[in-house]
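J.: To start, I am sharing the structure in question, which I have written as structure tokens.
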């Protein structure tokens with residue numbers, strides 16, 4: 101089994117909260133072509149992307165799933181890698197529960213995303 105398939109259950113679970121923007125196949129394709137980065141572990145994974153704004157470059161945690169402690173342990177290596185890529189910040193998209201988990205690590209809300217299906 102390849103590493104992307106190993107992470108499939110966590111990716112698919114996380115995508116259920118993503119508003120229908122991607123399928124597992126979309127994510128896998130973007131990991132393979134380098135647009136997204138996969139952070140795999142035995143019991144969790146995260147997927148990041150580099151976002152370049154006119155005045156800032158960030159590493160963005162697009163999705164994560166699996167064992168919470170493992171995901172938290174991945175943050176330092178993802179931040180270090182992001183700095184090597186020229187990023188000056190990390191953003192994380194997720195359910196409101198992430199705020200509670202990440203407050204003690206210095207993460208603060210920047211904005212809230214609201215959606216109305218049409």
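Residue numbers (the working numbering): 101 to 218. Note that CB positions come from ideal geometry on N, CA and C, so glycine has one too.
Would you check if the distance between the CB atom of residue 146 and the CB atom of residue 161 is smaller than 8 Å?
T.: yes
J.: If we ignore side chains and look at the alpha-carbon of each, how far apart do residue 153 and residue 118 end up?
T.: 22 Å
J.: Could you tell me whether the stretch 189 to 198 touches the stretch 158 to 172, using the rule of 3 or more Cβ pairs below 8 Å?
T.: yes
J.: Kindly indicate the opening and closing residues of the alpha helix (DSSP H) around residue 115.
T.: 103 to 115
J.: Out of 195, 174 and 134, state which residue places its alpha-carbon closest to the alpha-carbon of residue 115.
T.: 195
J.: Check this for me: beta carbons of residue 144 and residue 110, under 8 Å apart or not?
T.: Contact: yes.
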